[in-house]
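Going by my numbering, the sequence shown runs without a break in its numbering and finishes at 325.
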Amino acid sequence: MIPEDLRYTAEHEWIAGDGSGPVRVGITHFAQDALGDIVYVQLPEEGTVVQAGDSLGEIESTKSVSEIYAPISGTVVAKNATLADEPEIINGEPYAAGWLVEIAPDDPASVSALLDAAAYRALTES
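Laid out in structure tokens, this is it:
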């Protein structure tokens, strides 16, 4: 369950888009599987400026609370408001309806610098 058309981080976030416009960000199947049943998601407001590697929010599950990290630097232009009432969507559809935020990147090239599917697969299998 590692889509080939996405980019990934070592912290288990995925990025959809090439950086020429806003990119969609979520957590991977690997991450949601490790977390267990997700019960709460805290996301930044639209207009929030984020730096790559900084905390973007939190995901709370029945097992733990985990930070979400910004995969790239930029400005949050949208957040998935559905998750406020239905955070469990992430468990069932981490790559679709369970997306977290959209970020307009400061540097479009930063997206291509992230892990491709093969590199992320190698990371999760080691």
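Beta carbons: idealized from backbone N, C-alpha and C, even for Gly.
Helix, strand or coil at Leu313 according to DSSP, with G and I counted as helix: Position 114 of the sequence shown, counting from 1, holds the residue named residue 313. Three-state result, Leu313: coil.
Rounded to whole angstroms, what is the Cα-Cα separation between Asp306 and Leu313? The residue you call residue 306 lines up with position 107 of the sequence shown. The residue you call residue 313 lines up with position 114 of the sequence shown. Using only the alpha carbons, I get a separation of about 12 Å.
I'd like to know if the stretch 315-325 and the stretch 244-259 are in contact, where contact means that at least 3 CB-CB pairs between them fall below 8 Å. no
Do the stretch 229-242 and the stretch 277-290 make contact, defined as three or more Cβ pairs closer than 8 Å? yes
Which whole-angstrom value is the C-beta distance of Pro243 and Gly273, which I expect to be below 8 Å? The residue labelled residue 243 in the question sits at position 44 within the sequence shown. The residue labelled residue 273 in the question sits at position 74 within the sequence shown. Rounded, the Cβ-Cβ distance is 11 Å, inconsistent with contact.
Neighbourhood of Glu245 by C-beta, 7 Å cutoff - its chain only, sequence neighbours within 5 removed: On the sequence shown, position 46 is the one that residue 245 refers to. Answer for Glu245: Val275, Val276, Ala277 and Lys278, listed in chain order.
Between Glu292 and Pro221, is the Cβ-Cβ spacing less than 9 Å? Reading the sequence shown from its first residue, position 93 is the one you call residue 292. Reading the sequence shown from its first residue, position 22 is the one you call residue 221. Taking 9 Å as the Cβ cut-off, Glu292 and Pro221 do not qualify as a contacting pair.
Looking at Tyr294: is its Cβ nearer than 9 Å to the Cβ of Thr247? Sequence index remark: in the sequence shown, residue 294 carries index 95 (1-based). Sequence index remark: in the sequence shown, residue 247 carries index 48 (1-based). Cβ distance not < 9 Å, so Tyr294 and Thr247 don't count as in contact.
What runs of the alpha helix (DSSP H), each 4 residues or longer, lie entirely inside the stretch 280-311? 288-291 and 308-311
Residue range of the beta strand (DSSP E) that includes Ala277: Position 78 of the sequence shown, counted from the first residue, corresponds to residue 277. Run containing Ala277: Gly273 to Lys278, per the beta strand (DSSP E) assignment.
Contacts around Gln231, its chain only, beta-carbon distance under 8 Å, and the 5 residues preceding and following it disregarded: Position 32 of the sequence shown, counting from 1, holds the residue named residue 231. Taken in chain order, the residues that qualify are Ile237, Ile289, Asn290, Pro293 and Gly297.
Quick one: Cα of Thr261 to Cα of Leu282, how far? In the sequence shown, the residue the question calls residue 261 occupies position 62. In the sequence shown, the residue the question calls residue 282 occupies position 83. So the two alpha carbons sit approximately 16 Å from each other.
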